[in-house]
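Right, dumping it as structure tokens:
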């Protein structure tokens, strides 16, 4: 007698796992290969011993939570002044150019002797100011045109997924700076020479070259205006 046949198809392993989700494993949802740092965990036995940066426990982010860019930048610059960081990049350039030659900036770049510590400190300060867990930390490899590959330490907004502060190791070579309102900024001529070096480097990407050329034109326009005044 032939064996009975069934119309039911055997389920595969994939079908069995179709509706199964893992909620307890943190996933990198940023769409890149960055190293995501989860919020700092404090074990129960440390509850009676608050550390310098761990005492604030932020609440979860809500749709209505916002922190204005002006407030974020002010806190980062205040920390740069207190920690003796050197602000460079677009922020330093805007600070030394007239208003008509300035352009909007996305984040603040700073050189420091301990970038990882500065990143931790700034993320906690911004979360405390926001009253919620609004920022996280991200570490990226950076190919510096002046030297070997190193890391850049970023404080990133959960809302925009964009960096608000970039910290990197202070270069070994001497940096010409200018103090404005107690904050050390990379001096304009030093920025100009750096831009020229970036444009001459064959490793520089097309997007960075285009941005650097635009910034260099702003410096040259400013220098030309000074010559006309003389």
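Residue numbers (our numbering): 21 to 250.
For glycine and all other residues, C-beta sits at the position ideal for the given N, C-alpha and C.
Here residue 171 carries a strand assignment [DSSP, helix/strand/coil]. With respect to the 7 Å criterion, residue 216 and residue 115 are not classified as neighbours on the basis of their beta carbons.
Looking at 94, 105 and 121, the one whose alpha-carbon comes closest to that of residue 188 is 105.
Closest option to residue 193, judged by alpha-carbon separation, among 214, 202, 160 and 185: 214. Residue 99 and residue 181 have their C-alpha atoms some 22 Å from each other.
Closest option to residue 235, judged by alpha-carbon separation, among 111, 185 and 221: 111.
Counting along the chain, the unbroken alpha helix (DSSP H) around residue 111 starts and ends at 110 to 116. Secondary structure at residue 194: coil, using DSSP grouped into helix, strand and coil.
Contact between residue 195 and residue 206 holds, since their C-beta atoms are separated by about 6 Å, short of 8 Å.
Contact annotation: residue 203 and residue 141 have beta-carbon atoms that are not nearer than 7 Å.
About 5 Å separates the beta carbons of residue 108 and residue 129, which is inside the 8 Å limit, making them a contact pair. Under the three-state reduction of DSSP, residue 206 is assigned to strand. Residue environment for residue 87: buried (at least 16 other C-beta atoms within 10 angstroms of its C-beta). Around residue 197, the same chain offers 106, 204, 205, 206 and 207 as residues with beta carbons nearer than 7 Å, after the five sequence neighbours per side are excluded. Selection 97, 121, 124 and 90 evaluated against residue 138 yields 97 as nearest (Cα-Cα). Judged by DSSP in its simplified three-state form, residue 241 adopts helix. A check of alpha carbon separations from residue 242 across 119, 223 and 103 identifies 119 as the nearest. A straight line joining the alpha-carbon of residue 90 with that of residue 143 spans about 16 Å. Taking 7 Å as the cut-off, the beta carbon of residue 155 is found no closer than this to the beta carbon of residue 183.
Here residue 209 is exposed: its Cβ has fewer than 16 other Cβ atoms, across all protein chains shown, within 10 Å. Closest option to residue 211, judged by alpha-carbon separation, among 152, 93 and 117: 117. Here the C-alpha atom of residue 147 lies approximately 10 Å from the C-alpha atom of residue 92.
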